[in-house]
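Residue numbers for the sequence shown follow our numbering, so the first one is 801 and each next one is one higher. Just so you know, even glycine gets a beta-carbon here, dropped at the ideal spot from N, CA and C. For clarity, every value in this text was computed on a predicted model and none was experimentally measured.
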Amino acid sequence: RACATPPPLWINSSTATIYRHADDRPMTESTGELGEGFSVSVAKAWEEALFDGELPGTRRIALRMAIVLGDGSALAPLRRLARLGLGGPQLDGPWFSTAARRAAGTYHAFRTPHGRQRFSWIHIADVLGIIRFLRDNRQIDGVVNASSPNPTDNAGFMARVRDVLGVPSGSAAPRWMLEIGSAVIRTETELVLKSRWILPERLTAAGYQFAFPDLPNALRDIVNARR
């Protein structure tokens, strides 16, 4: 607000995690429902800070990004698991809560069976493409979903990873195994068990052309780039 010449565009990274656990229907910018819990509260705080107050000279966009696929991204550990024969789906199931996790808002009981939690994703090349598209299309502001128009589910995603790597099968990871692993690396099982089902309604309506709209081609591009 103190800038003599404020920037014409401010794009701030947000996250698709801001939406609720969705295994019943996709979340769009116009129909999506926000969730609850620690990760959601962090995302809400990011967006509230971005849109706070009047900035008449600056167009502000919160980019609600799905899981980004690229070299060294979330794909890297999943690729290693697949090569070790552990590339099956990550399975939800019963797990005990603790007072500390409830107080922190990090406990979750999603209960989407058989690895059917939705997996919304985006190729890193499209992240750059979307930023350039938003820069050039000055009528767009507010929240924008950055995700492929073709989401999958966890089981389908892991199957495509195995296909690209030439791994015929992979053992599934049940909830108890995920909880132990997440405790070791100090993260939350929400990262793989939450059903993130979002669609890029505004980008599609504005005419953005995805470089990698389909998962198999996106994965092949990333894996082949490392060879």
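For residue i, three-class secondary structure by DSSP
i, result
"N1024", "helix"
"R914", "Rather than Arg, the amino acid found at residue 914 in this sequence is His. Three-state result, H914: helix."
"F896", "coil"
"I985", "coil"
"R859", "strand"
"R864", "strand"
"I811", "strand"
"V944", "strand"
"D852", "coil"
"L891", "coil"
"A816", "helix"
"R1002", "helix"
"L886", "coil"
"A973", "strand"
Rounded distance between the beta-carbons of residue j and residue i, thought under 8 Å
i, j, result
"N954", "D1014", "With 8 Å as the limit, N954 and D1014 do not qualify as a contact, their Cβ atoms being about 17 Å apart."
"S839", "T817", "5 Å"
"Q890", "A973", "5 Å"
"F910", "K994", "6 Å"
Top-ranked residue by Cα proximity to residue i, from the options
i, options, result
"G942", "I861, L834, N812, A882", "I861"
"N812", "G835, D823, S841, W846", "W846"
"A1018", "P826, T952, V967", "T952"
"R901", "G870, R879, G1007, G837", "G837"
"V964", "K844, S873, P856, R883", "R883"
"W921", "T912, A946, H914", "A946"
"R962", "R859, A822, P877, K844", "P877"
"C803", "A822, A874, G887, T858", "T858"
"N1024", "T815, I940, G966", "G966"
Endpoints, the alpha helix (DSSP H) within which residue i is located
i, result
"I924", "924 to 936"
"R883", "875 to 883"
"R960", "954 to 965"
"L834", "Element bounds for L834: n/a, residue is neither H nor E."
"E990", "990 to 993"
Any chain B beta carbon closer than 8 Å to residue i
i, result
"S841", "Looking for chain B here will not work: only one protein chain is present."
* Flag this pair as touching only if the stretch 995 to 1014 and the stretch 975 to 982 have three or more C-beta atom pairs under 8 Å; answer yes or no. => Because the criterion of three Cβ pairs below 8 Å is not met, the stretch 995 to 1014 and the stretch 975 to 982 do not touch.
**OP:** Would you be able to state if there are at least three C-beta pairs under 8 Å between the stretch 836 to 855 and the stretch 932 to 939?
**Re:** The stretch 932 to 939 vs the stretch 836 to 855: no contact.
ask   = Three or more beta-carbon pairs under 8 Å between the stretch 1001 to 1012 and the stretch 819 to 832, yes or no?
value = Look at the beta carbons and you see the stretch 1001 to 1012 touching the stretch 819 to 832: at least three pairs across the two are nearer than 8 Å.
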